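Chemist: Below is one structure. I have some questions about it.
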């Protein structure tokens, strides 16, 4: 372990709030400043007291704001920052209590809340990236492609797909996820699947359920009426075979962009609206045309905070990728065994189970 922390800008955080117990120690380490780990506030009143004592902001988990915190913070003039999982999070699922290796901090709104601009949206709308930043982004894209890096870095099988068909992939999500509620424009995953089925009658349509749903950890659509449901395949391998990828707000749409896929977006995730995706419901605030390198420079390099769990300190994204490549992909927990290779193939016109 080392006490050295890279020079990565962080806001002055007085305390954390709304943090589940299992990830408190990790988040305190990730967001420490000047070797001071921010304390955990039990409720809104304690958070305001700690903010007064330390003279900083309150950072809270976006879906777990303590009751009354927003009202008290506004009355006291205390700044609030939301915390969310980063876009290259871990080797394993957060729903399975795997610790995060990256988070995002936002002083305006969670990046998935389309009702108002987030810091990420403002950055992407206004930032002029210099040649060095764009070169770094280009190298990062190539490395993610080469290493098969995804948000959760999960292991899985290779997809078996018909070689002579147009492959359209639809990515599932969790029904009650805030990104769907706040960024899905009222659409559902089931509704998206129905639209794709109608618009792509000649395509071979593949549905990949969200890994949290496959593992039985959260609720969501598992087996819609499509040509193949492939819960156990590696996402990056599936994207490499896809001609088009449809998403609601899934980060998988961003991962598909990194792999050169056409991406059709039915909601308004952070990566839509910049001229790189086909948007069913465009976000009118986003008026700038971005290159993929500019999007990556903003969303993967500038916006998140990364943490090296081996060295127990903040790090760059490149250093985190070193760690991810060293440890390799993680297996899905629990109910995935039930789903390995299951139910999903309608090759030859009939549903069948595929052997392991």
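Residue numbers (this note's numbering): -4 to 351. Each residue gets a CB set at the ideal place from its N, CA and C atoms; glycine is no exception. Since the structure is predicted, the reported quantities are computational estimates derived from the model, not experimental observations.
(1) How many angstroms separate the CA atom of residue 99 from the CA atom of residue 112?
(2) Evaluate residue 322 with the Cβ neighbour count: other Cβ atoms within 10 Å of its Cβ, from every protein chain shown; 16 or more gives buried, anything less gives exposed.
(3) For residue 318, name the three-state secondary structure that DSSP assigns.
(4) For residue 325, which beta-bridge partners are listed by DSSP?
(5) Given that a residue counts as buried once 16 or more other Cβ atoms are within 10 Å of its Cβ, and exposed if not, what is residue 110?
(6) Look at the Cβ atom of residue 190, then the Cβ atom of residue 222, and state whether they are nearer than 7 Å.
(7) Hey, how far is the Cα of residue 135 from the Cα of residue 313?
(8) Residue 77 and residue 57 look like a contact to me (Cβ under 8 Å); what is the Cβ gap, rounded to whole Å?
(9) How many Å lie between residue 10 and residue 240 at the Cα?
(10) Going by the beta-carbon positions, is the gap between residue 247 and residue 258 smaller than 7 Å?
(11) Of the choices 305, 282, 309 and 325, whose alpha-carbon is the least far from that of residue 318?
(12) Evaluate residue 123 with the Cβ neighbour count: other Cβ atoms within 10 Å of its Cβ, from every protein chain shown; 16 or more gives buried, anything less gives exposed.
(13) Whose C-beta lies closer than 6 Å to the C-beta of residue 214 among residues of the same chain, with five residues either side of it excluded?
(14) Drop a sphere of 10 angstroms on the beta-carbon of residue 119, count the other beta-carbons inside from all chains shown, and report buried for 16 or more, exposed for fewer.
(15) Starting from residue 231 and walking both ways along the beta strand (DSSP E), at which residues does that stretch end?
(16) For residue 14, does the three-state DSSP call read helix, strand or coil?
(17) Please return the same chain residues whose Cβ sits closer than 6 Å to the Cβ of residue 128, not counting the five positions on each side in sequence.
(18) Terminal residues of the continuous beta strand (DSSP E) containing residue 59?
(19) My output table needs one value for residue 185: the three-state DSSP class, helix, strand or coil.
(20) Between 31, 156, 182 and 85, which has its C-alpha nearest residue 198's C-alpha?
(21) Quick check on the DSSP output: what are the complete alpha helix (DSSP H) runs of length 4 or more inside the segment 163 to 213, in order along the chain?
(22) Smallest Cα separation from residue 212: which of 194, 31, 87 and 162?
(23) Touch check for the segment 260 to 279 and the segment 175 to 193: three-plus C-beta pairs under 8 Å?
(24) Helix, strand or coil: how does DSSP classify residue 83 here?
(25) Roughly how many angstroms lie between the CA atoms of residue 307 and residue 12, to the nearest whole one?
(26) Restricting to Cα atoms, I'd like to know which of 210, 141 and 183 is closest to residue 219.
(27) In three-state DSSP terms, what is residue 130?
(28) Please state the DSSP three-state secondary structure of residue 137.
(29) Which residues mark the beginning and the end of the alpha helix (DSSP H) in which residue 289 is found?
(30) Short of 6 Å in beta carbon distance, which residues of its chain neighbour residue 250, apart from the five on each side in sequence? Order them along the chain.
(31) Output needed for residue 233: all residues of its chain with C-beta closer than 8 Å, excluding positions within five of it in sequence on either side, in chain order.
(32) Looking at residue 115: is its Cβ nearer than 7 Å to the Cβ of residue 265?
(33) Reducing DSSP to helix, strand and coil, say where residue 5 ends up.
(34) Can you name, in chain order, every residue of its own chain whose Cβ lies under 6 Å from the Cβ of residue 8, other than the five neighbours on each side?
(35) From 63, 267 and 302, pick the residue whose C-alpha is nearest to that of residue 410; which is it?
Modeler: On the basis of the coordinates in this document:
(1) When only Cα atoms are considered, residue 99 and residue 112 end up about 15 Å apart.
(2) Residue environment for residue 322: exposed (fewer than 16 other C-beta atoms within 10 angstroms of its C-beta).
(3) The DSSP-derived three-state label of residue 318 is helix.
(4) DSSP, once it has assigned bridges, lists 149 as partnering residue 325.
(5) Exposed, since its Cβ has fewer than 16 Cβ neighbours within 10 Å.
(6) For residue 190 and residue 222, no; Cβs fall outside 7 Å.
(7) So the two alpha carbons sit approximately 8 Å from each other.
(8) Confirmed, about 4 Å.
(9) Inter-residue distance for residue 10 and residue 240 is about 40 Å (C-alpha atoms, whole angstroms).
(10) The answer is no: Cβ separation not under 7 Å.
(11) Cα-wise, what sits closest to residue 318 is 305.
(12) By the 10 Å Cβ count, residue 123 comes out exposed.
(13) Only residues of its own chain outside the window of five on either side were considered, and among them 170 have a CB closer than 6 Å to the CB of residue 214, listed in chain order.
(14) Residue 119 is buried by the Cβ-count criterion.
(15) Boundaries around residue 231 are those of the alpha helix (DSSP H), 230 to 236, since no beta strand (DSSP E) includes it.
(16) Taken through DSSP and simplified to helix, strand or coil, residue 14 comes out as coil.
(17) 292.
(18) Note, residue 59: premise wrong, no beta strand (DSSP E); not H, not E.
(19) In the structure shown, the three-state DSSP call for residue 185 is helix.
(20) Of 31, 156, 182 and 85, the residue nearest in Cα terms is 156.
(21) DSSP runs (the alpha helix (DSSP H)) wholly in the segment 163 to 213: 173 to 178, 184 to 194 and 206 to 209.
(22) It is 87.
(23) Inter-segment contact for the segment 260 to 279 and the segment 175 to 193 is present: three or more beta-carbon pairs are separated by less than 8 Å.
(24) Here residue 83 carries a coil assignment [DSSP, helix/strand/coil].
(25) Answer to the nearest angstrom: the Cα atoms are 22 Å apart.
(26) Checking every option, the nearest Cα to that of residue 219 belongs to 183.
(27) In the structure shown, the three-state DSSP call for residue 130 is helix.
(28) Helix.
(29) Residues 287 to 291.
(30) Cβ neighbours of residue 250 beyond the five flanking positions: 145.
(31) 154, 164, 201, 203 and 225.
(32) If you check the CB distance, residue 115 and residue 265 come in under 7 Å.
(33) Under the three-state reduction of DSSP, residue 5 is assigned to coil, being neither helix nor strand.
(34) Excluding the 5 residues flanking it on each side, residue 8 has same chain C-beta neighbours closer than 6 Å at 26, 33, 51, 52 and 54, in chain order.
(35) This structure cannot settle anything about residue 410, because the visible part of the chain is limited to -4 through 351.
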